[in-house]
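Numbering (my numbering), first residue to last: 6 to 286.
Ideal Cβ placement from N, Cα and C applies to all residues, glycine included.
Structure record follows, encoded as C-alpha cells.
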Ligand code: ARG
C-alpha cells in the first residue's frame, strides 16, 4: 500500500530552490532623462534623481536581505543610463563579454564597465559587434537566449556562441516598447521562463513555445509596467510591485514574488532586471 503517488500529484510541480546570486549594480546618482532612445523616455518631462536613488536603494537592500553578494560600480556624471547595469556586459564562467552600445549617448558605458571587469579580475572580451549585454542575453540553464531587432546585432549572437561554447537561441523582438530581451522575458530558474508572446516575431514565438511549453504567459498590462523585467534566484523573484497578475501566477507556481517600486527608473525605460547584472564566476 502506497500513498506516495497521490501526494506527488497534489504537490506543486517542484520545490523551488534559491541560489545565492552575485550581481553588479550602479547607484543612479546621475540619473535623468535627457535624450530619447526608447518610447518610454520623455526628456521634456521632469525626473527626480533623489527619488530614483531612494527607490534603487530599496532594490539594493532587497538583494542584500536575500543574501546576494552585491558589487557596485561608480556612476559616471553625464551617463544617466548607467544605472541600467544589465547593459554593461554579459558574464559567464568568469568571462566578461563587453557591451558596445547602439546609440552614441550610451557608448562610453562600454569601456567604463570593461574597466570595472578588468579591475575585478574578470577575463574581458572586447566585443567586435554591437550588443547591450544582459539586456539582450539571458542564460537559462545551459542555453543563452539572445534578442535582436532594436539593439543587439545578430552577429553578436554568433560571437557569444563562440566565446562561451554554448547554444545561442536568436529571438527577434518586434515591439519598440520591449526593445531589450529582458523587457519581454523573465528567467525564473534553470528550466523555465515567463514571457510576452506579442513582443516576438512569429518565429520567435514558435521557438519559445517549443523550448518552454510550461512557461508563464504574461499579460499585456503586466508587461506594460515592465513586470517581466524581474530578477530571480530560483525561488525569490524581485518584480515590479504593479505587476499584480504576474505576482499571482508566480505564487501559484511556488515562487516567492517580492514587489518593489522603481517608477522613477521606469521613466528611462528600465526596471528591476535592467538595474541588475549577474556576475557568474
Ligand atoms: N534608457 C535605457 C536605454 O534605452 C534603458 C535601458 C534598460 N535596460 C534594460 N536592460 N532593458 O538604453
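With a CB to CB cut of under 6 angstroms and the five nearest residues on each side skipped, what residues in its chain are close to residue i?
i: residue 110; result: 40
i: residue 169; result: 97
i: residue 267; result: 60 and 276
i: residue 142; result: 95, 149 and 151
i: residue 162; result: 151, 173 and 175
i: residue 76; result: 29
i: residue 206; result: 177 and 179
i: residue 112; result: 106
i: residue 210; result: 202
i: residue 123; result: 129
i: residue 194; result: 239
i: residue 183; result: 189 and 204
Based on the DSSP output, what are the partners of residue i in its beta bridges?
i: residue 30; result: 77
i: residue 173; result: 149
i: residue 101; result: 96 and 129
i: residue 136; result: 105
i: residue 241; result: 261
i: residue 236; result: 243
i: residue 142; result: 151
i: residue 222; result: 200
i: residue 167; result: Bridge partners of residue 167: none, in fact.
i: residue 178; result: 205
Leaving out the 5 sequence neighbours to the left and right, which residues in its chain are closer than 7 angstroms to residue i when beta-carbon positions are compared?
i: residue 278; result: 91, 187, 234, 235 and 236
i: residue 42; result: 108 and 110
i: residue 26; result: 73, 238 and 283
i: residue 240; result: 21, 22, 23, 260 and 261
i: residue 185; result: 137, 140, 141, 152 and 156
i: residue 274; result: 43, 45 and 46
Assuming the contact rule is C-beta atoms closer than 8 angstroms, residue i and residue j should be a hit. Round their C-beta distance to whole Å, please.
i: residue 137; j: residue 104; result: 6 angstroms
i: residue 243; j: residue 64; result: 7 angstroms
i: residue 57; j: residue 270; result: 6 angstroms
i: residue 147; j: residue 171; result: 6 angstroms
i: residue 223; j: residue 213; result: Contact doesn't hold; Cβ gap of about 12 angstroms is too wide.
i: residue 114; j: residue 84; result: 6 angstroms
i: residue 37; j: residue 54; result: 6 angstroms
i: residue 5; j: residue 190; result: Outside the shown range of the chain, which is 6 to 286, sits residue 5, and nothing can be said about it.
i: residue 231; j: residue 52; result: Not quite, the Cβ-Cβ distance comes to about 16 angstroms (not below 8 angstroms), so this is no contact.
Given residue i, which residues of its chain have a CB within under 8 angstroms of its CB, disregarding the five upstream and five downstream residues?
i: residue 265; result: 60, 63, 64, 67, 243, 244, 245, 246 and 277
i: residue 69; result: 75
Next item on the list: Would you check if there are 3 or more beta carbon pairs closer than 8 angstroms linking the stretch 196-206 to the stretch 221-234?
Entry: yes
Notebook entry, point to check: If you scan the stretch 188-219 from start to end, which runs of the alpha helix (DSSP H) of 4 or more residues do you find wholly inside it?
Noted result: 207-216
Notebook entry, point to check: Curious, which full-length alpha helix (DSSP H) runs of at least 4 residues does the stretch 23-73 contain?
Noted result: 54-70
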